[in-house]
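Structure, as structure tokens:
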Amino acid sequence: MPVSMDIILGGIGDALNFYTIAFVVLGVLIGILVGSIPGLNGPMAIAIAVPMTFYLQPLAAIGMLVGIMKGSTVGGAVPAILLNTPGTPDSAITAIDGYPLAKKGKPFKALKMALYSSVSGDTMSDLVLFTVSAPIAMVALMLGPTDLAAIIFFSICLIMCMIGDDPFKGMLAAGTGFLLAAVGLAPGEGTPRMTFDILELEDGLSLVSVGIGVLVLGEVLMAIRNSGNKVTSTLPPSAGKDANRLGLKDYVSCGRTILRSGAIGTAIGATPGIGSTLAAVTGYTLAKRASKNADKFGTGELEGIAAAEAANSSVSGSNLIPLLTLGIPGNVAAAFLVGALTIHGVTPGPTLFQDQGRLIYALFTAMVIANISNLAIGRLGLQMFGLVAKVPQSIVYPVVLLLCMTGAWISANEMVGCVLMVVFGIIGFFMRLLKIPVITFVIAFVLGKMWELPLTQMMLLTDGELVKMIQHPVAVVFSLSGLLLLSFVTWKRKSEKRLAKESTTSDLKST
Amino acid sequence: MKQLSKTFLLLLISGMIVSWSAYAAWTPEESIKVLVGFKAGGGVDTLARVVSQKVAENTGWTIVVVNKTGGGGSVMAKSLKKAKPDGYTIGFAPGENFTFNPTINPRIGFTLHDFTHLAAISVSQCGLFSMSDKPWTTLADAIEAAKSGEEISVAYQAPKMGMSMKAIEKVFGVSLKLVPVKGGNGGVKNVLGGHVDIAWGAGIQAKYVKAGQMKILASCEKERIAMAPEAPTVRELGVKYVNLDAKFQFSAPGNLPADIAEAYVREIRRATGSKDIQDLIANKLSLKLIFTSGKELQKDLEQSLTEAQELVEFVKN
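Going down the list, the protein sequences come from chains A and B.
With the working numbering applied, the first sequence closes on residue 511, and no number is skipped along the way.
With the working numbering applied, the second sequence closes on residue 317, and no number is skipped along the way.
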């Protein structure tokens, strides 16, 4: 059943009112501001904002959250370029060329390039989302519990592939995430697990409490610990208006890079379970490989900025493809969106386009509005965001702390939520101290929570006989490719290590 | 004569005062909290909000709806029990929160009798449904098919439904594949995609039934449901333990003073009498309109507590 035109037009009409637009623009503004402050990032802002949007109309609430997500990817480039202190891992790639260019006295040229390529990548990704999600949703209905269990298994394999340089710490983070996802009543039988007879834990640990705790409070505690180290910018004064002008020619010369990075980011975003950092790294690496001035990369090359920003921003639109059609979030920010959608009575999944088609197209319109305001606010506020990036942490963190508490309280109207948030804040602090990847932990927690139900359903439907999975080709393809990918990456990592070892020993021999 | 009329006048005035004070016995002086045990935006929450708003409009009371989610409504029930019985905290929940939940988990920390139950305003219209192209007319046919070896899967979204399915299995001596799903939408999605044969639905399936895409195999209530009056109840098919009977009701902490309870019952009755609320309940939420309060409601709840205990006992032994 294709979505009819009047539903699409109705949805577009729903989004075009003052109330909705105001909240979307507000979201973008918050996103850019939060992104501009070193140490804060989009997922943090969304974690805190989700409970605050409970009392808005569904469209305004979700539009605002998407606005924050989009705004923060633009904002993230600001501290990366001006201070060389990226707020998120993915904007670290932006800093590679952004900071050197700023040092040459052209900070605004770098910022403008980041803004334009970010919005371009984002728009590309959104266009893909708008066109493919309805058809995919129709196919998604054919995917049963077995297929869903396999797709989530595939995502889990992907995060295991990307657990970072220290596989042990990555596994520890993921393992803990899965373990804590099991808190609550077992699906079906309803046996309580790790609830200690606390009624409030029967539905499991809430993502809002865990997310705000680990992602935000943990970061704040870490910043308090490091408060001795001051960020000092050593930027020379700006080289004047002309040097900072970014002409159409500059943009066009980066056109191919933007397109390439946008495509990479879109593809990565559409894959459940992996995030924008990989997109930025891949986009940047490929741009460097394809560029004529590859040797200039890292010295303030515009193309480098464009490659990183277009890639990490184009993740945010296509991220919603698995989210809306299958109910599986593509990254941490999207996981919070699932929560927000359910709270507003919208169940992501294949029936969404039939049940709430109008709302979805209204949301798409809100995304376009968000992109336009991203461009407008970003362009007008360029000078101001530079100042925001220098707001002292002694002002930022107390405010954030207060917001954390408020968010945790609103999410359940219960003290338990706040207590959990604080506990997970302390856990997050120690994870950072021990360099255990927090994002891996949160994603494992989210996926673990989602995996259990389809897995239980699959076991019941197949009588626990894995052989019966053969009847589900989609499931077979996803499970096998997950396993293959994981063993390939492990093998490659091992052989790289061996090579590194051999080369050091041969170096020793030759000397 | 003069004296007499004076006395009469006094009597009249005092009579008016008495009757007036009996009528407006209790008026809240601060804001009222209505606790809801489910997420904002869901069916229970919508109903609570709409009725509360109407009561507020009619009376000028300040009413705030607060969602206290968790444990299938039990978190809310526990905090309602702990609240002061002063009329400023009441709750809105399906009756099974107070009857079924403590039956399956005796350590839950509350019983049906810890509350003053005010008024029930609607009752569920739950049925078992499948795609229309299945060869069965009623649940009995599906069970026959299962008996002759066909694998039949049934999706359920709440513990009471799972328990009821086990009772059905036990009575007919048949084994079905019971698959837990999340929310009514989980059942619809899996039946539409052909992953599960039959599912429980409390109203979400209505539009597919109307379109002829799905059919109701049995009613899971005491009576046949309005959506499909031709489908027999599971009780008619011989399983007396199955009666979902989720009555949506307002309750207050135990020992609520009688004048406060009276004021609430009166205002809830007045609010649910309005056309738009009746339309929401019957047409949008596919529930049945009822109004029971006081002793009658207490009797209904005792009845459903006994039924819940019988169901659990039958399945467990």
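Every residue, glycine too, gets a C-beta built ideally from N, C-alpha and C.
Backbone CA spacing between residue i and residue j [nearest angstrom]
i: residue 297 (chain B); j: residue 117 (chain B); result: 7 angstroms
i: residue 238 (chain A); j: residue 381 (chain A); result: 17 angstroms
i: residue 17 (chain A); j: residue 372 (chain A); result: 15 angstroms
i: residue 172 (chain B); j: residue 225 (chain B); result: 23 angstroms
i: residue 288 (chain B); j: residue 203 (chain B); result: 11 angstroms
i: residue 36 (chain A); j: residue 78 (chain A); result: 5 angstroms
i: residue 6 (chain A); j: residue 374 (chain A); result: 28 angstroms
i: residue 148 (chain B); j: residue 177 (chain B); result: 15 angstroms
i: residue 194 (chain A); j: residue 212 (chain A); result: 21 angstroms
i: residue 511 (chain A); j: residue 435 (chain A); result: Here residue 511 (chain A) scores only 47 on pLDDT, less than 50, and its place in the model should not be relied on; the value that follows carries that caveat. Residue 511 (chain A) and residue 435 (chain A): Cα-Cα distance of roughly 35 angstroms.
i: residue 290 (chain A); j: residue 303 (chain A); result: 11 angstroms
i: residue 60 (chain B); j: residue 73 (chain A); result: 47 angstroms
Own chain partners of residue i with C-beta closer than 7 angstroms, once the 5 adjacent residues on each side are dropped
i: residue 418 (chain A); result: 405, 408, 409
i: residue 182 (chain B); result: 157
i: residue 78 (chain B); result: 109, 110
i: residue 187 (chain A); result: 452, 453, 456
i: residue 53 (chain A); result: 61, 64, 65, 340
i: residue 421 (chain A); result: 209, 212, 213, 217, 404, 408
i: residue 335 (chain A); result: 207, 329, 446
heavy atom of the ligand MG below 7 angstroms from residue i C-beta
i: residue 219 (chain B); result: Among the components of this structure there are no ligands whatsoever, and the ligand MG is therefore not found.
Residues near residue i in its chain [Cβ-Cβ closer than 8 angstroms; skip 5 each side]
i: residue 265 (chain B); result: 118, 119, 293, 294
i: residue 245 (chain B); result: 95, 96, 123, 124, 221, 222, 304, 307
i: residue 48 (chain B); result: 34, 36, 65, 92
i: residue 165 (chain B); result: 154, 156, 176, 178
Cut-off 6 angstroms between Cβ atoms - residues of its own chain near residue i, not counting five sequence neighbours on either side
i: residue 305 (chain B); result: 99, 112
i: residue 443 (chain A); result: 159
i: residue 22 (chain B); result: Residue confidence is low: residue 22 (chain B) scores 48 on pLDDT, short of 50, so the model does not pin down where it sits. No coordinate-derived value is stated.
i: residue 494 (chain A); result: none
i: residue 236 (chain A); result: 105
i: residue 341 (chain A); result: 348
i: residue 219 (chain B); result: 127, 225, 231, 233
i: residue 396 (chain A); result: 37
i: residue 161 (chain B); result: 200
Beta-carbon proximity check, residue i vs residue j, cutoff 8 angstroms
i: residue 34 (chain A); j: residue 26 (chain A); result: no
i: residue 257 (chain A); j: residue 287 (chain A); result: yes
i: residue 115 (chain B); j: residue 258 (chain B); result: no
i: residue 255 (chain A); j: residue 310 (chain A); result: no
i: residue 451 (chain A); j: residue 159 (chain A); result: no
i: residue 456 (chain A); j: residue 180 (chain B); result: yes
i: residue 199 (chain A); j: residue 75 (chain B); result: yes
i: residue 193 (chain B); j: residue 458 (chain A); result: no
i: residue 514 (chain A); j: residue 300 (chain A); result: No answer is possible for residue 514 (chain A): it lies beyond the span of chain A, which begins at 1 and ends at 511.
i: residue 187 (chain B); j: residue 126 (chain B); result: no
i: residue 71 (chain A); j: residue 365 (chain A); result: no
i: residue 318 (chain A); j: residue 269 (chain A); result: yes
i: residue 312 (chain A); j: residue 91 (chain A); result: yes
i: residue 163 (chain A); j: residue 351 (chain A); result: no
i: residue 126 (chain A); j: residue 368 (chain A); result: yes
i: residue 209 (chain B); j: residue 198 (chain B); result: no
i: residue 398 (chain A); j: residue 215 (chain A); result: no
i: residue 174 (chain B); j: residue 143 (chain B); result: yes
i: residue 320 (chain A); j: residue 112 (chain A); result: no
Those residues which DSSP pairs with residue i across a bridge
i: residue 67 (chain B); result: B:36
i: residue 457 (chain A); result: DSSP, once it has assigned bridges, lists no residue as partnering residue 457 (chain A).
i: residue 200 (chain B); result: B:128
i: residue 103 (chain B); result: Answer is none; residue 103 (chain B) lacks a bridge partner.
i: residue 319 (chain B); result: Residue 319 (chain B) cannot be examined here, being either before or after the span of chain B that is shown, 1 to 317.
i: residue 193 (chain A); result: A:184
i: residue 216 (chain A); result: DSSP lists no partner for residue 216 (chain A).
i: residue 247 (chain B); result: B:123
i: residue 289 (chain B); result: B:122
i: residue 219 (chain B); result: B:127, B:233
Meets three-Cβ-pair contact criterion under 8 angstroms: the region 381-395 of chain A and the region 353-372 of chain A
Remark: fewer than three beta-carbon pairs, one from each stretch, lie closer than 8 angstroms, so the region 381-395 of chain A and the region 353-372 of chain A are not flagged as touching.
Whether or not the region 493-502 of chain A and the region 168-177 of chain A are in contact is what I'm after, with contact meaning three or more pairs of Cβ atoms, one per stretch, closer than 8 angstroms; do they touch?
no
Is the region 319-336 of chain A in contact with the region 128-142 of chain A, if contact means three or more CB pairs nearer than 8 angstroms?
yes
Is the number of C-beta pairs between the region 107-114 of chain A and the region 49-68 of chain A that are closer than 8 angstroms three or more?
no
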